[in-house]
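Some notes on the structure that comes next.
Chains as they are written, first to last, in my numbering: chain A, 1 to 146; chain B, 1001 to 1332.
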């Protein structure tokens, strides 16, 4: 029972990781986060492959994951070069800037609400003053005459 | 698994108490999916600035409920190691896709990789566990962080908060978690006779043990059905030479034992003493397979890496981009 139970648990983890990756890819708008979601999907698949390989006592599961890592590395290199190029042209990592490459006939996506930025203002820490007070040249001039 | 068992069309299903309701896997599945969808909708970034605590609670409730659909691993140490690694992987992935600042997403992804590496190590895939950390977390995530530093130095922007609006935020988690729920449901339905087959073979192997040092371990059972000939390949590891020959001599007894199970009446049983996937000298065995059976794939992967490298350099150093960069640099 242990082998099958292990397999079931691992496949469930793989499925959840894949589902989370799909969700992240379709919902987020930042190019980098979309790429990260694709990588999460690949991790889910790798987990499932390892589980099947162990269940059938087949090395092919792990070999395929080695190739998945290789392909992911290539994809990362090219994707990040492309992201850099896109960012240079558009000035931001927003994929909305490139929405004119959408399907013909569908309307554009327009930002309906821009969220308020005020809550994200960083609060800088206040330092207590320490050391000697710096001398004021005007004060010093005044004192010499007295 | 037919769709009938998903719909509560069972005539005998009249729950009289919450306990009976909780025992039905379909009800647990519906609750798990609902919790996950609500949790994800709450956590995913939206225009209103709201706290994420409720979303985290719902997501964990959902993940916990969906885990009641698969059975527990009997060995407590393996179960706990699995839960810790899987918990880290899933929680960190959740944080990756729902962080409002992409730099946090990248760091949470690195944490998720650690969880996945733990899962690999638990399955005996030692090389892949280390390779995941070295290649993914060490190279890919670092490259990603560099790109983020160049492209978005302030760390966040308004589009990170809105994403595509409210409609995808509810529909995408719904469909994704429905799919995950269906997978979990089909995982819960395990073929009873398959489990019985494993149990019978394991019992038989345990009876054959001479002493502690010659312990057999059942690695895998493969059933091949070709031209009405059912062949079982049982992979066993461990055992000394004498016990291995003794096991081979007792194959007929094993065949009779297996024939008692309903579905399996194998014509041929092969007992295979192999280097199991979880063996010692794991990396040597993996390398042996990789560079003999998969040699062509390795060469192709090498060429792919070369092509990707050249392509990335060409894309990133396009003359037009260099002009733009030079002009913007000089103008400032």
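Here a beta-carbon is modelled for each residue, glycine too, at the ideal position from N, C-alpha and C.
Please list the partners that residue i has in chain A, where partner means a Cβ-to-Cβ separation under 9 Å.
i                      : result
residue 1164 (chain B) : 26, 27, 28, 29, 96, 109
residue 1157 (chain B) : 30, 92, 93, 94
residue 1160 (chain B) : 28, 29, 30, 33, 93, 94
residue 1185 (chain B) : Neighbours of residue 1185 (chain B) on chain A: none; closest Cβ ~11 Å, over 9 Å.
Against residue i, what residues of chain A qualify as contacts under a CB-to-CB distance less than 7 Å, listed in chain order?
i                      : result
residue 1025 (chain B) : Residues of chain A passing the Cβ test: none, with the nearest at roughly 13 Å.
residue 1220 (chain B) : 55, 56, 57
residue 1208 (chain B) : Per Cβ cutoff of 7 Å: no residues; residue 1208 (chain B) is ~19 Å from chain A at best.
residue 1179 (chain B) : 19
residue 1205 (chain B) : Going along chain A, no residue has its Cβ under 7 Å from residue 1205 (chain B), so there is no contact; the nearest lies around 13 Å.
residue 1254 (chain B) : Simply none; closest approach about 18 Å.
Rounding to the nearest angstrom, what Cα-Cα distance links residue i and residue j in this structure?
i                      : j                      : result
residue 1142 (chain B) : residue 1223 (chain B) : 45 Å
residue 137 (chain A)  : residue 1154 (chain B) : 40 Å
residue 109 (chain A)  : residue 1018 (chain B) : 46 Å
residue 20 (chain A)   : residue 38 (chain A)   : 10 Å
residue 139 (chain A)  : residue 131 (chain A)  : 19 Å
residue 1004 (chain B) : residue 1026 (chain B) : Note that residue 1004 (chain B) scores a pLDDT of 42, beneath 50, so its modelled location is shaky; the value from the coordinates is reported in the next line. Computed Cα separation, rounded: 11 Å.
residue 1061 (chain B) : residue 1318 (chain B) : 50 Å
residue 1020 (chain B) : residue 1291 (chain B) : 55 Å
residue 1113 (chain B) : residue 1092 (chain B) : 9 Å
residue 1077 (chain B) : residue 6 (chain A)    : 13 Å
residue 1178 (chain B) : residue 1116 (chain B) : 23 Å
residue 1173 (chain B) : residue 1184 (chain B) : 16 Å
residue 102 (chain A)  : residue 95 (chain A)   : 11 Å
residue 1242 (chain B) : residue 1132 (chain B) : 40 Å
residue 1260 (chain B) : residue 1288 (chain B) : 39 Å
residue 1255 (chain B) : residue 1073 (chain B) : 28 Å
residue 1201 (chain B) : residue 1195 (chain B) : 10 Å
residue 1329 (chain B) : residue 126 (chain A)  : Summary for residue 1329 (chain B): the model assigns pLDDT 47, below 50, so the residue's position carries little reliability; its value from the coordinates is reported in the next sentence. If I take the Cα positions, the gap works out to 35 Å.
residue 1106 (chain B) : residue 1035 (chain B) : 26 Å
residue 1124 (chain B) : residue 1138 (chain B) : 21 Å
residue 1148 (chain B) : residue 1295 (chain B) : 37 Å
residue 1192 (chain B) : residue 1266 (chain B) : 17 Å
residue 106 (chain A)  : residue 98 (chain A)   : 14 Å
residue 1136 (chain B) : residue 1109 (chain B) : 10 Å
residue 1315 (chain B) : residue 124 (chain A)  : 40 Å
residue 1248 (chain B) : residue 69 (chain A)   : 40 Å
residue 1297 (chain B) : residue 73 (chain A)   : 16 Å
residue 1190 (chain B) : residue 1071 (chain B) : 10 Å
residue 1086 (chain B) : residue 1065 (chain B) : 15 Å
residue 1024 (chain B) : residue 1084 (chain B) : 27 Å
residue 2 (chain A)    : residue 1218 (chain B) : 11 Å
residue 1331 (chain B) : residue 1033 (chain B) : Residue confidence is low: residue 1331 (chain B) scores 42 on pLDDT, short of 50, so the model does not pin down where it sits. No coordinate-derived value is stated.
Interface residues of chain B around residue i at Cβ under 8 Å?
i                    : result
residue 78 (chain A) : 1308, 1311, 1312, 1315
residue 39 (chain A) : 1109, 1136, 1140
residue 50 (chain A) : 1119, 1120, 1123, 1125, 1128
residue 62 (chain A) : 1125, 1127, 1128, 1277, 1286
Starting from residue i, follow the beta strand (DSSP E) in both directions and report where the run begins and ends.
i                      : result
residue 1219 (chain B) : 1216–1226
residue 1273 (chain B) : 1268–1273
With residue i and residue j assumed to form a contact (beta carbons below 8 Å), what rounded beta-carbon distance in angstroms separates them?
i                      : j                      : result
residue 1120 (chain B) : residue 50 (chain A)   : 6 Å
residue 76 (chain A)   : residue 1140 (chain B) : 5 Å
residue 1164 (chain B) : residue 27 (chain A)   : 6 Å
residue 66 (chain A)   : residue 1180 (chain B) : At roughly 26 Å, the Cβ-Cβ gap does not stay under 8 Å, so residue 66 (chain A) and residue 1180 (chain B) are not in contact.
residue 1234 (chain B) : residue 1272 (chain B) : 7 Å
residue 62 (chain A)   : residue 1128 (chain B) : 6 Å
residue 1041 (chain B) : residue 1170 (chain B) : 5 Å
Which bits of chain A does residue i rub up against, with CB to CB less than 8 Å?
i                      : result
residue 1131 (chain B) : 66, 69
residue 1153 (chain B) : Those do not exist, as residue 1153 (chain B) stays about 11 Å from chain A at its closest Cβ, beyond 8 Å.
residue 1305 (chain B) : 70, 73, 74
residue 1086 (chain B) : 9, 13
residue 1030 (chain B) : The contacting residues do not exist; residue 1030 (chain B) stays about 16 Å from chain A at best.
residue 1106 (chain B) : 32, 36
Could you give the residue range of the alpha helix (DSSP H) that holds residue i?
i                      : result
residue 1198 (chain B) : 1192–1207
residue 1284 (chain B) : 1282–1292
residue 1316 (chain B) : 1295–1316
residue 1085 (chain B) : 1076–1098
residue 1167 (chain B) : 1166–1188
residue 1066 (chain B) : 1053–1067
residue 5 (chain A)    : 2–27
residue 1246 (chain B) : 1241–1249
residue 1050 (chain B) : Per DSSP, residue 1050 (chain B) belongs to no alpha helix (DSSP H) and is neither H nor E.
residue 1107 (chain B) : 1102–1122
residue 1044 (chain B) : Element bounds for residue 1044 (chain B): n/a, residue is neither H nor E.
residue 1022 (chain B) : 1018–1023
Taking C-beta pairs closer than 7 Å, name the residues in chain B that residue i reaches, listed in chain order.
i                    : result
residue 3 (chain A)  : 1198
residue 9 (chain A)  : 1070, 1073, 1082
residue 23 (chain A) : 1040, 1097, 1172, 1173, 1176
Please list the partners that residue i has in chain B, where partner means a Cβ-to-Cβ separation under 9 Å.
i                    : result
residue 45 (chain A) : In chain order: nothing, as chain B lies at least about 11 Å away.
query = Unbroken alpha helix (DSSP H) runs of length 4 or more, entirely within the segment 50–126 of chain A: which are they?
reply = Complete alpha helix (DSSP H) runs here, min 4: 60–90.
task = Let me know the beta strand (DSSP E) ranges lying completely inside the segment 1128–1160 of chain B, each 3 residues or longer, listed in chain order.
result = none
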